[in-house]
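Here the protein sequences come in this chain order: A and B. Following this note's numbering, the numbering of the first sequence begins with -17 at its first residue and continues without gaps. Following this note's numbering, the numbering of the second sequence begins with 1050 at its first residue and continues without gaps.
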Amino acid sequence: MFKKILSLCLAILMVAGLCVGLSSCNSSKDSFKIGVILLHDESSTYDKNFINGINDAQKALGLKDSQVIIKKGIPEGNECYEAAAELVAEGCKIVFADSFGHEDYMIKAAKEFKDVQFCHATGTKAHTEGLDNYHNAFASIYEGRYLAGIAAGLKLKAMMEADSTIVPKIGYVGAFTYAEVISGYTSFYLGVKEIVPNVTMDVQFTGSWYDENEERNAALALINGGCVLISQHADSMGAPSVCEDKNVPNVSYNGSTLSSCPNTFIVSSRIDWAPYFEYICNQVINGKKIDTDWTGTIETASVRLTDVNDKAAAANTQATIDQYKAELIAGTRHVFDTNNFTVDGQKLTSYKADVDTDANYEGDTEVIKDGYFHESEYRSAPYFDLAIDGITRINVAF
Amino acid sequence: MSSYNVIKHEVSKEPLIHITKNSAMPFWKSFLIRAAAVAIAFLLCSILSYLMIGANPLEFLKTFWDGNFGINAAASKIVIWKLAKDTAVLLCIALAITPAFRMKFWNIGAEGQVLIGALAAVAVVYYSGDKFPDWLLFLFMLLAAVAAGIVWAVIPAIFKAIWNSNETLFTLMMNYAATYFVAFCLVKWTPDGSSTLGELKRGHLPSIGHPYLLLILTVLLITGLLFVYLYYSKQGYEISVVGESQRTAKYIGINVKKVIIRTMTLSGALCGLTGFMIVAALDHSVTTTTVGGRGFTAIIVSWMAKFNPLVMIGVAFLIVFLNQGANRLATNFRVGKAFPDLVVGVIIFFVIGCEFFIRYKVHIRRKAPAAASVSGNVAEGISESGEGSGGGGGDGSGVVEASGEARSDEAVNETVNDTEKEGNAK
């Protein structure tokens, strides 16, 4: 009896092995594969945004599921290198990783596997590392946040018109005092300021990219501190859900929170990664080089706004957004125009930003030219880290 | 887990189902029960995966295979090493908490102790720059990590030994303290505000044949040493006695406070060592998630192996194997991490659950009188077994036979069994 079971099991195993063997035979024409390394899974809005991006790109390019290998929940450590190496072994021509802390381990893999392209979102080291097969990418999300700020400004203006006692103070929940966050909340604030010139903003940091509880508490503290409109740059539903509970208008990030917050969600900006995924796949399939630093823009549809929620937003919001958007695309308007903000009461004429990642953490590149701060031009990841007037950072411990 | 007294009853009032402790089951029989549990669990999971993610059972099994042995030769080389390395790391943490567990000191602070060890090792590299040659740097990293692990473990131990504070809550709190301490240091070390330290340039342990080999061999060595320490040394015996009954330990002249603190020092040192290895051999960096819950998973490993270091090799392997296989489901079927975690949970539940049938005999009487009732003497948890024993047929005697409590220190067990309840009552 035992022998029979054993031989049956062996037979099944052999058949399974055969299936595996056959299924891995591809015709060379379709041999292109891309591997995607994600820090979390769909439960994080940040990673979900990448998953949506790669799914859209896969559809647009007509790739099969087996040509797009997605690895979820890869921590920012040696596991990232391991995952990259495994993806290379499985035949991927491109390996992509989505989290800032993956960078060093991607570079390690890029140095080892010279004939595979390594693309990393949000990273900062490609332009100084000097590797042919290692690339960074980001998008000019500050433009999206600026437009979302315009929508918030219109709402704020409408609220002030309806109730003259309202003080124009808004709140922002940020993750870290990191350039990506600073650039984000500053552009959002400048958008609001465009509509409501006397607006001020409080920023509360959580010290984590994903901490629902902390984000809730931060949003609550801001609301209790007199903020009448909230936006956030962190990945959980913490801040939006508090806004819905307290009936405070909210501008979201990385995806619509409309379904959970039907009464308070105004609009959301996000980076659409599909154009980048399509770009890198096409470059590799056609044997062309990938840019060392790639910055998607509104024009390439890498920066997107969701539909405006008419229930929460002010009248005419969509039309106003479209008008500002056209100006940004035409280059007649710049988000970080030095006429629109001051630092310690002074207009800026020169500023050296820390563009090169090195041990010094010092400014190394002049970024103010032609009357505006050139964000995401000298590398794809944001480097705007100025503390402009009108924004109060409640806690800077992070 | 105590009091499994044999149910005493009059023949006429015999309950429908009753359970007795089983003392001896041949190894092959207990092995078969475990294998059957795993097989049933896999069967159930393949049904679940068919219903939930649309994977047919063959695909389900193939995915497990892919995850652990790779889809091709090049990939297998990587994932098999990963399997061995992850097993070694999990095993090492499980080994670290085991001495304390054998003492019934419920140290659930391995997560924090390993993390703080890793942080200490990173701090040495961060602050020393190029001052030291490699060998000296490794030495300092190791010492710092071990010292940090010891500090994190001994603080709760001292409180336990002197004031009898609750070690479970205390060590749990120390985990949070470690996590926030790491977050604090990362903010301090990264002026750009990213809180991402990145890979350190120095302090990389050399590769002997394969980058993971040194780590794996070290853990195997520790496994052997700990086994000898726990089973064949005087200190190991003292740990067992303190674990069974502190009063007995006092009676035979063991300094209980000393044993508690000494054992937690060992636990902390091993945790620190694990932290050192994670930094020096693998990550070369630290984040708040460097340990990634393995400090808690190690508790399951240690328990499932009944605190036997040699058995832990197998259990750690099983858990890593399950995780690696299940994680592949997320890749192959484009689902989130929740489903793989569910699969692992179901399988582990079955593996742990089947121990019941190994430890206890289930007796089912053929004809149930209306007034049957289960004796109140039965240990907690046994009531759950009712359904499980249904298929056992009706021969009236032992349906499932089982081996003893599987602790190898039976002698201690018997010596102190009588005083156990009294000694542990607080």
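Every residue, glycine too, gets a C-beta built ideally from N, C-alpha and C.
For residue i, I'd like the list of residues in its chain whose CB is within less than 6 angstroms of its CB, leaving aside the five on either flank, ordered along the chain.
{"i": "residue 1366 of chain B", "result": "1136"}
{"i": "residue 296 of chain A", "result": "136, 137, 140"}
{"i": "residue 1147 of chain B", "result": "1351, 1356"}
{"i": "residue 134 of chain A", "result": "174, 211, 233"}
{"i": "residue 332 of chain A", "result": "350"}
{"i": "residue 52 of chain A", "result": "18"}
{"i": "residue 363 of chain A", "result": "104, 106, 120"}
Using only the heavy atoms of the ligand NAD, determine whether one of them is closer than 8 angstroms to the beta carbon of residue i.
{"i": "residue 177 of chain A", "result": "In the structure shown, the ligand NAD is absent, as is every other ligand, since no ligand is present at all."}
Any beta carbon from chain B within less than 9 angstroms of residue i's own beta carbon?
{"i": "residue 25 of chain A", "result": "yes"}
{"i": "residue 85 of chain A", "result": "yes"}
{"i": "residue 158 of chain A", "result": "yes"}
{"i": "residue 230 of chain A", "result": "no"}
{"i": "residue 112 of chain A", "result": "no"}
{"i": "residue 369 of chain A", "result": "no"}
{"i": "residue 372 of chain A", "result": "no"}
{"i": "residue 4 of chain A", "result": "Model confidence at residue 4 of chain A stands at a pLDDT of 46, short of 50, so the residue's coordinates are unreliable and nothing is read from them."}
{"i": "residue 57 of chain A", "result": "yes"}
{"i": "residue 334 of chain A", "result": "no"}
{"i": "residue 201 of chain A", "result": "no"}
{"i": "residue 190 of chain A", "result": "yes"}
{"i": "residue 339 of chain A", "result": "yes"}
{"i": "residue 64 of chain A", "result": "yes"}
Among all the DSSP beta bridges, which residues are the ones paired with residue i?
{"i": "residue 112 of chain A", "result": "Its beta-bridge partners do not exist; DSSP assigns none."}
{"i": "residue 277 of chain A", "result": "A:120"}
{"i": "residue 199 of chain A", "result": "Looking at the DSSP assignment, residue 199 of chain A forms no beta bridge with any residue, so it has no partner."}
{"i": "residue 232 of chain A", "result": "A:212, A:247"}
{"i": "residue 184 of chain A", "result": "A:153, A:374"}
{"i": "residue 348 of chain A", "result": "A:334"}
{"i": "residue 1069 of chain B", "result": "B:1410"}
Can you find the residues in the same chain that come closer than 8 angstroms, C-beta to C-beta, to residue i, ignoring five residues on each side of it along the sequence?
{"i": "residue 1230 of chain B", "result": "1165, 1168"}
{"i": "residue 1392 of chain B", "result": "1094, 1097, 1098, 1371, 1375, 1378"}
{"i": "residue 378 of chain A", "result": "159, 187"}
{"i": "residue 142 of chain A", "result": "148, 150, 178"}
{"i": "residue 1238 of chain B", "result": "1175, 1246"}
Do residue j and residue i come within 9 angstroms of each other at the CB atom, strictly closer than that value?
{"i": "residue 187 of chain A", "j": "residue 315 of chain A", "result": "no"}
{"i": "residue 1227 of chain B", "j": "residue 1162 of chain B", "result": "yes"}
{"i": "residue 1334 of chain B", "j": "residue 1249 of chain B", "result": "yes"}
{"i": "residue 1132 of chain B", "j": "residue 1121 of chain B", "result": "no"}
{"i": "residue 30 of chain A", "j": "residue 1380 of chain B", "result": "no"}
{"i": "residue 369 of chain A", "j": "residue 317 of chain A", "result": "no"}
{"i": "residue 285 of chain A", "j": "residue 238 of chain A", "result": "no"}
{"i": "residue 1385 of chain B", "j": "residue 47 of chain A", "result": "no"}
{"i": "residue 98 of chain A", "j": "residue 77 of chain A", "result": "yes"}
{"i": "residue 271 of chain A", "j": "residue 114 of chain A", "result": "yes"}
Counting only the same chain and skipping the five closest in sequence on each side, list residues whose C-beta sits under 7 angstroms from that of residue i.
{"i": "residue 194 of chain A", "result": "218, 219, 220"}
{"i": "residue 95 of chain A", "result": "70"}
{"i": "residue 164 of chain A", "result": "366, 367"}
{"i": "residue 343 of chain A", "result": "336"}
{"i": "residue 83 of chain A", "result": "58"}
{"i": "residue 1268 of chain B", "result": "1137, 1140, 1141"}
{"i": "residue 1339 of chain B", "result": "1164, 1167, 1327, 1332"}
{"i": "residue 275 of chain A", "result": "108, 109, 118, 361, 362"}
{"i": "residue 1264 of chain B", "result": "1134, 1137, 1326, 1330"}
{"i": "residue 358 of chain A", "result": "120, 122, 277, 364"}
Within the 9 angstroms Cβ cut-off, does residue i reach chain A?
{"i": "residue 1412 of chain B", "result": "no"}
{"i": "residue 1357 of chain B", "result": "no"}
{"i": "residue 1160 of chain B", "result": "no"}
{"i": "residue 1078 of chain B", "result": "no"}
{"i": "residue 1067 of chain B", "result": "no"}
{"i": "residue 1165 of chain B", "result": "no"}
{"i": "residue 1332 of chain B", "result": "yes"}
{"i": "residue 1082 of chain B", "result": "no"}
{"i": "residue 1137 of chain B", "result": "no"}
{"i": "residue 1131 of chain B", "result": "yes"}
{"i": "residue 1430 of chain B", "result": "For residue 1430 of chain B, the pLDDT reaches just 40, beneath the cut-off of 50, and the residue's location in the model is therefore unreliable, although a value from the coordinates is still provided. For residue 1430 of chain B, the answer is no, since every Cβ of chain A falls outside 9 angstroms of its Cβ."}
Mind pulling the alpha helix (DSSP H) runs of 4 or more residues that sit fully within the region 1191 to 1262 of chain B?
1216 to 1238
If we require 3 or more residues per run, which beta strand (DSSP E) segments fall completely within the region 260 to 323 of chain A?
275 to 278, 285 to 287
Pick out the complete alpha helix (DSSP H) segments inside the region 1126 to 1169 of chain B, 4 residues or longer, and give them in chain order.
none
Suppose only complete runs of 4+ residues qualify. What are the alpha helix (DSSP H) ranges in the region 1077 to 1132 of chain B, listed by chain order?
Fully enclosed alpha helix (DSSP H) runs of 4 or longer: 1106 to 1118.
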